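Participant: I have a structure here, written as structure tokens, and I will follow up with some questions on it.
See below:
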């Protein structure tokens, strides 16, 4: 699930999985009369909200520039760690709130945008990236999977995955590869191109916060809170 944690954090930021992956799909965006064009996103912040008990933790997340101009380029780096293997179904609950003075008002779920519940993010990933096709860059380069199941970190005493092969006959070179610990995924600073994005009319300019919770069979696995401001035209 750590790789799913990366996807969760990025998608919860603006619920723009398809755009970030270069596979924009209209059913995940609201495009209707009265919609608004997103122009800037700024004031980004994040924190884990599992009170240290969740098996999956977002260790770092950096988003630049601030503010982000849309359309434009987005640079993201992130690291996620998990100690439990995760498989379908992975339920995800997003609560999206907008500041109204000193109050926070929860937004509804309309056309899969807003405070929505997704019964299985594994099936969403399979829809965005059909099984059997390579994961998109930069996930492919950095060995970050894009489909369930996701591995857990190896137990203490087995921190590294080692693979080796012998090339040639006796005296041939032995190639040894040290891979990242299973379940510990890191995305170095990587650039994504963001296209024009249409927002529903109820997502007006202002400050927003998102609480994203992933669970499986009633057990909470990860919880991330994000904060940001939107400016649309």
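Numbering (mature numbering (1 follows the signal peptide of the UniProt record, and there is no 0)), first residue to last: -22 to -1, 1 to 211.
Positions of the beta carbon are idealized from the N, C-alpha and C atoms, including for glycine.
Everything numeric in this text was worked out from a predicted model, so none of it was measured.
How big is the Cα-Cα spacing for residue 14 and residue 177?
Facilitator: If I take the Cα positions, the gap works out to 5 Å.
Participant: Excluding the 5 residues preceding and the 5 following residue 186 in the sequence, name in chain order all residues of the same chain whose CB lies nearer than 8 Å to its CB.
Facilitator: These residues qualify, in order along the chain: 74, 75, 76, 77, 205, 206, 207 and 208.
Participant: Using a Cβ-Cβ cutoff of less than 7 Å, which residues in the same chain neighbour residue 198 once the five nearest sequence positions on both sides are dropped?
Facilitator: 28, 32 and 191, listed in sequence order.
Participant: Would you report the Cα separation of residue 41 and residue 54, rounded to the nearest angstrom?
Facilitator: If I take the Cα positions, the gap works out to 5 Å.
Participant: According to DSSP, simplified to helix, strand and coil, what is residue 54?
Facilitator: In this structure, residue 54 counts as strand in the three-state DSSP scheme.
Participant: Answer yes or no: do residue 58 and residue 36 have a C-beta to C-beta separation smaller than 7 Å?
Facilitator: Contact flag set, yes.
Participant: Would you report the Cα separation of residue 127 and residue 66, rounded to the nearest angstrom?
Facilitator: Each residue's Cα considered, the two are about 7 Å apart.
Participant: Measure the C-alpha to C-alpha separation of residue 118 and residue 43 and round it to an integer number of angstroms.
Facilitator: Residue 118 and residue 43: Cα-Cα distance of roughly 24 Å.
Participant: Taking just the CA atoms, how far does residue 202 sit from residue 26?
Facilitator: Rounded to the nearest angstrom, the two C-alpha atoms are 5 Å apart.
Participant: For residue 46 and residue 19, which I take to be in contact (beta-carbon distance under 8 Å), what is that distance rounded to the nearest angstrom?
Facilitator: Yes, residue 46 and residue 19 are in contact; Cβ-Cβ is about 5 Å, under 8 Å.
Participant: Which residue marks the beginning of the alpha helix (DSSP H) containing residue 199, and which one marks its end?
Facilitator: That residue, residue 199, is in no alpha helix (DSSP H); its beta strand (DSSP E) goes 197 to 210.
Participant: Could you check if residue 171 is buried or exposed, using at least 16 other CB atoms within 10 Å of its CB as the buried criterion?
Facilitator: Under this definition residue 171 is an exposed residue.
Participant: What residues in its chain sit with their C-beta under 7 Å from that of residue 135, if we drop five residues either side in the sequence?
Facilitator: Legend: pLDDT at residue 135 = 43, less than 50; position of this residue unreliable, no value from coordinates given.
Participant: Give me the Cβ distance between residue 17 and residue 210, rounded to the nearest whole Å; I'm assuming they're in contact under 8 Å.
Facilitator: Right, their Cβ atoms sit about 6 Å apart.
Participant: Considering only the beta carbon of each residue, do residue 165 and residue 120 sit closer than 7 Å?
Facilitator: Cβ atoms of residue 165 and residue 120: closer than 7 Å.
Participant: Looking at the unbroken alpha helix (DSSP H) that takes in residue 102, where does it start and where does it end?
Facilitator: Residues 99 to 106.
Participant: In terms of residue numbering, what span does the beta strand (DSSP E) encompassing residue 83 cover?
Facilitator: Counting along the chain, the beta strand (DSSP E) containing residue 83 begins and ends at 81 to 84.
Participant: Can you have a look at residue 195 and say buried or exposed, based on whether 16 or more other CB atoms are within 10 angstroms of its CB?
Facilitator: It counts as exposed.
Participant: So, residue 87 versus residue 94, is the Cβ gap smaller than 7 Å?
Facilitator: A contact, by the Cβ cut-off of 7 Å.
Participant: Kindly say whether residue 210, judged by its beta-carbon, lies nearer than 7 Å to any beta-carbon of chain C.
Facilitator: Of the chains in the structure shown, none is chain C; there is only one protein chain.
Participant: Pick out whichever of 168, 104 and 200 has its Cα sitting closest to the Cα of residue 115.
Facilitator: Out of 168, 104 and 200, 168 has the C-alpha closest to the C-alpha of residue 115.
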